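*Asks:*
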Amino acid sequence: MKIRTISLALVALLGLVVIGCEEETPTTTTSSGASSSTAAGGGGGAGGNGGGGAGGGGMTMPALGKQVDRMGRPAINTATNETFNPNDAQANTNKDAYNAAMPDKWADYVGEIQANLGILDSLDTVCGNQLLADMNKNDPTRYSQLATVLADDRLYVNMVGPMCTTYLGVEANAVGVMNNDCGGRTLGYDVIDVSYTVLATGALDASVGDDVPISEAAKGTTFPYLANPQ
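Adding 18 to a residue's 1-based position in the sequence shown gives its number in this note's numbering.
Next up, the structure:
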């Protein structure tokens, strides 16, 4: 398959000019976790015991022990949450809330994610070929299965997998794309290309890319598996 290139800037632009593959357009949502968790860089009280003060009006340090990032799958928060919200401040606040949300709140983001998936599905001009898209529906719930998987934004690793070659391999296996890969995330995975491809075409072959190759500095063979800085 010919390699195709997509940039986040293009994705954002598409949000302004296309409706996507379903009848409703994404709506801005605010997570219920926004008021209970403080994200890095957000306003509000991470002061006090939280850390050494960043003087001169710098970023407020979060309190010790506060969750500021899920450290899950790269690109999910960026590509499927608040993706087409023209209000940058609001979008950033809600993205921070997403990262700070506890697991019992993750399902709150399914509606936002599935609405954005409808636009991302149209990037290859073919509607309905996105992974798990339900062609019997013509509204955002067409994408509810994939949105539910993505909202559970953590890395899954098959500890008995004989090889580690496929980003999202464990998740794919769970939804019927059978494989015995360990999944997870290694430094050799081009996670952005795989994410774009799953969202646009439903495949795991990384054929839709951002035209940014994996750096050779990420292919070390001894811990911590990184080459010397260049």
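Where a beta carbon is used, it is the ideal one built from N, C-alpha and C, also for glycine. Remember, it's a predicted structure, so these values are computed and weren't measured experimentally.
I'd like to know if the stretch 128 to 138 and the stretch 164 to 174 are in contact, where contact means that at least 3 CB-CB pairs between them fall below 8 Å.
*Replies:* Yes, since at least three Cβ pairs between the stretch 128 to 138 and the stretch 164 to 174 fall closer than 8 Å, the two stretches touch.
*Asks:* So is the beta-carbon of Ser-162 under 7 Å away from any non-hydrogen atom of the ligand MN?
*Replies:* This structure lacks the ligand MN; in fact it carries no ligand of any kind.
*Asks:* Excluding the 5 residues flanking Gly-146 on each side, which residues of the same chain have their C-beta closer than 8 Å to its C-beta?
*Replies:* Excluding residues within five positions, the ones whose Cβ falls inside 8 Å are Cys-39, Asp-139, Met-153, Arg-160.
*Asks:* Ends of the alpha helix (DSSP H) at Ser-213?
*Replies:* Element bounds for Ser-213: 209 to 218.
*Asks:* Around the Cβ of Pro-121, are there at least 16 other Cβ atoms within 10 angstroms (buried) or fewer (exposed)?
*Replies:* Label assigned to Pro-121: exposed.
*Asks:* With a threshold of 8 Å, are at least 3 pairs of Cβ atoms found where one atom belongs to the stretch 186 to 195 and the other to the stretch 208 to 226?
*Replies:* Yes: at least three Cβ pairs fall under 8 Å.
*Asks:* Measure the CB-CB distance between Ala-169 and Trp-124 and report whether it falls below 8 Å.
*Replies:* Taking 8 Å as the Cβ cut-off, Ala-169 and Trp-124 qualify as a contacting pair.
*Asks:* What number of angstroms, rounded off, separates the C-alpha of Gly-136 from the C-alpha of Val-216?
*Replies:* Cα to Cα, Gly-136 sits roughly 13 Å from Val-216.
*Asks:* Which parts of the stretch 148 to 198 are runs of the alpha helix (DSSP H), unbroken and 4 residues or longer, counting only runs that do not cross its ends?
*Replies:* Qualifying alpha helix (DSSP H) stretches, in chain order: 162 to 169, 187 to 192.
*Asks:* Distance check for Met-196 and Thr-98, CA to CA, integer angstroms please.
*Replies:* If you take the alpha carbons of Thr-98 and Met-196, they lie about 25 Å apart.
*Asks:* Whole angstroms is fine: what's the gap from Ala-81's alpha carbon to Leu-149's?
*Replies:* Taking the straight line from one Cα to the other gives about 39 Å.
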